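Notes to accompany the following structure.
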Ligand SMILES: [Fe+2]
Ligand SMILES: [Fe+2]
């Protein structure tokens, strides 16, 4: 059984990795949006920018959880970004990123659930916020699937 301080430290570390994934996702979406050209590009560009603004909200949520609820310093780092040029490749590379994020955030969520009693003053907030972010990422997967025609 982990101590309350121990589990908070572990969760802060994971949420900082999540924060770095959000930095990566936002910058990648914005950079890719600038690469799209042509008469059919506008709706895709708009969607990528909308998703990027969701990722920015997630950054804020994770920073706040790390700093205010888990008493650690929010990361300023960024996970490795991936290049892509044509529309299909851009959508695929970001779809893979969304799935990677969901897989990892579910691990964080699971850890929160398993440590409910040790997180006496943090549990409901962590559970709510992380679940909310996962739901947003699932929406992103669905939107990218639609754009890809999957
Ligand atoms: Fe996100
Ligand atoms: Fe996302």
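Residue numbers (the numbering used here): 229 to 378. Glycine is no exception: its CB is placed at the ideal position from the N, C-alpha and C atoms. If you're wondering where the values come from, they're calculated on a predicted model, not measured in any experiment.
Query                                                                                                                                                                                      : Result
Does the region 248 to 257 touch the region 299 to 312, meaning 3 or more C-beta pairs lie closer than 8 Å?                                                                                : yes
Whose C-beta lies closer than 8 Å to the C-beta of residue 350 among residues of the same chain, with five residues either side of it excluded?                                            : 236, 297, 298
Among the residues of its own chain, which have a CB less than 8 Å from the CB of residue 369, if the five just before and after it don't count?                                           : 323, 326, 327, 330
Exposed or buried, which one is residue 352 when buried takes at least 16 other CB atoms within 10 Å?                                                                                      : exposed
For residue 329, is the beta carbon positioned less than 8 Å from some heavy atom of ligand 2?                                                                                             : yes
Tell me the rounded alpha-carbon separation between residue 263 and residue 288.                                                                                                           : 26 Å
Report the rounded CA-to-CA distance for residue 245 versus residue 355, giving the unit in angstroms.                                                                                     : 17 Å
Using only CA atoms, which one of 320, 366, 334, 374 lies nearest to residue 239?                                                                                                          : 334
Using a Cβ-based criterion (distance less than 8 Å to any ligand heavy atom), does residue 250 qualify as near ligand 1?                                                                   : yes
Considering only residues of the region 305 to 356, which uninterrupted beta strand (DSSP E) runs meet the minimum length of 3 residues and lie entirely inside it, listed in chain order? : none
Write down the C-beta distance between residue 283 and residue 320 rounded to the nearest angstrom, noting that I regard them as a contact closer than 8 Å.                                : In fact, because the Cβ distance is near 18 Å, the residues do not count as touching under 8 Å.
Determine the direct distance from the alpha carbon of residue 271 to that of residue 302, and round the result to whole angstroms.                                                        : 34 Å
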